[in-house]
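If you use numbering that gives the first Met the number 0, the sequence shown corresponds to residues 0 to 349, in order. Every residue, glycine too, gets a C-beta built ideally from N, C-alpha and C.
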Amino acid sequence: MPSQDQQRAASTSITDAWYQGAAWLYLLAPLSLIYMLILVIRAWLYRLGFKTSYRSSLPIIVVGNITLGGTGKSPLVAYLVQALQERGYQPGIVSRGYGASIPSTECREVLADSLPEEVGDEPLMLKQALDCPVFVSPNRKLSVQALEAQGCNVVISDDGLQHNALQRDVEVCVYDGQRALGNGYLLPMGPLRESQSRMKKLDFQVINGADDLPGVNSSEPYIRMDLRPGNLLPLKADPGQDGLNQALALEKLSGQPVNAVAAIGNPERFFEVLERSGMIVMRHAFEDHHAYSIDDFGFSETLPIIMTEKDAVKCRSLGLSDAWYLPVEAELSANLADLIIEKIEGNSRG
0 MPSQDQQRAA STSITDAWYQ GAAWLYLLAP LSLIYMLILV IRAWLYRLGF
50 KTSYRSSLPI IVVGNITLGG TGKSPLVAYL VQALQERGYQ PGIVSRGYGA
100 SIPSTECREV LADSLPEEVG DEPLMLKQAL DCPVFVSPNR KLSVQALEAQ
150 GCNVVISDDG LQHNALQRDV EVCVYDGQRA LGNGYLLPMG PLRESQSRMK
200 KLDFQVINGA DDLPGVNSSE PYIRMDLRPG NLLPLKADPG QDGLNQALAL
250 EKLSGQPVNA VAAIGNPERF FEVLERSGMI VMRHAFEDHH AYSIDDFGFS
300 ETLPIIMTEK DAVKCRSLGL SDAWYLPVEA ELSANLADLI IEKIEGNSRG
């Protein structure tokens, strides 16, 4: 069995190939064709009624992507939760709980003290950052029904554009402005989960860090999203006010070398944020959703450790010294929350 380092290297190699246009990827064209046929057959099974999809009494907002890898979905979900709460809504979040072993017949509520291996790192991060219920299950219907019972009046699905078993009222797709659509091919020849024709059916398209997607025509305007870094927060402090009281401005580490750790879809984006603040960054990238152990931090130099907020939920129990995490906040070029509310209320009137 390949070691974790070998698996990480293989994953990085194919990801780099997608975004650099490597010619050897054409060898995977037959597999992409099979993948496309599976997508088509699955869509027809739902369309003809052989598979059923759940229609909730609550409006469903799906925030997802059509590419493999991180695009900034979770910060956008957090933005929408807070914006909807400010407008009088009681939102709840549903998620697959990637990385957690959850039977498809089970639904779990995420609590602030849940373990990441039981509920997934991203749902736990959202729960600790937000004041709203979060449920995880491979069967999103069960999670939505749990939110219905809790008195929520709108549901946000973190990921799930491809989850046809759940009907939705609004679809928001997030793209990485640096990577765009890569070579534009379906998996495994390229990074696309669905064909580019899927973009025509989306309600809103958000680009993380750019105004448009090169080489892609869209009849609807894109919404730009920028992720603004906050202050560094100590890993050892509990999430909330205790951590805020010990916050450290990024500029305080300007000119200093740091060990930067990231197990996210696009770790380079995180490393670049630290470098722009003036830090000398020693990069330590891991596969997305990596389950950390103390051995991962056996660095040759004893330096401050900086990680993402998503990594922090998995590393608090490791007893790391001089370790910090960087929260980010989504800023958008248009008021997406109001646009979504307008669409939801228009649907209910119709």
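| query | result |
| --- | --- |
| Count the CB pairs spanning the stretch 172-181 and the stretch 264-272 that are closer than 8 Å, and state whether there are at least three. | yes |
| For the candidate residues Ile-65, Ile-339, Met-35, Ser-55, whose alpha-carbon lies nearest to that of Phe-203? | Ile-339 |
| So what does DSSP say about Leu-335, is it helix, strand or coil? | helix |
| Should Tyr-25 be labelled buried (16 or more other beta-carbon atoms within 10 Å of its own) or exposed? | exposed |
| Helix, strand or coil: which one does DSSP assign to Ser-94? | strand |
| What residue range is occupied by the uninterrupted beta strand (DSSP E) comprising Glu-350? | Nothing about residue 350 can be reported from this structure: the residues present for the chain run from 0 to 349 only. |
| For the alpha helix (DSSP H) that contains Phe-285, what are its first and last residues? | Segment: none, Phe-285 is in no alpha helix (DSSP H) and carries neither H nor E. |
| What's the C-alpha gap between Arg-95 and Leu-331? | 26 Å |
| When DSSP labels each residue in this structure, what does Glu-117 get in the three-state scheme? | helix |
| Rounded to a whole number of angstroms, what is the C-alpha to C-alpha distance between Arg-192 and Pro-326? | 28 Å |
| Kindly indicate which residue of Pro-238, Ala-322, Ala-236, Gln-127 has the alpha-carbon position closest to the one of Val-257. | Ala-322 |
| Could you tell me the alpha carbon to alpha carbon distance between Asn-230 and Ala-248, rounded to whole angstroms? | 5 Å |
| Near Ser-55, what residues of its chain come up, given a Cβ to Cβ distance below 7 Å and the 5 sequence neighbours on each side ignored? | Val-143, Glu-147, Val-154 |
| Taking its Cβ as the centre, do 16 or more other Cβ atoms sit within 10 Å of Pro-102, making it buried, or is it exposed? | exposed |
| Please list, in chain order, all residues of the same chain as Leu-252 whose beta carbon is under 6 Å from its beta carbon, the five residues on each side excluded. | Met-278 |
| Where DSSP assigns a beta bridge to Tyr-174, which residues make up the other side? | Ile-206 |
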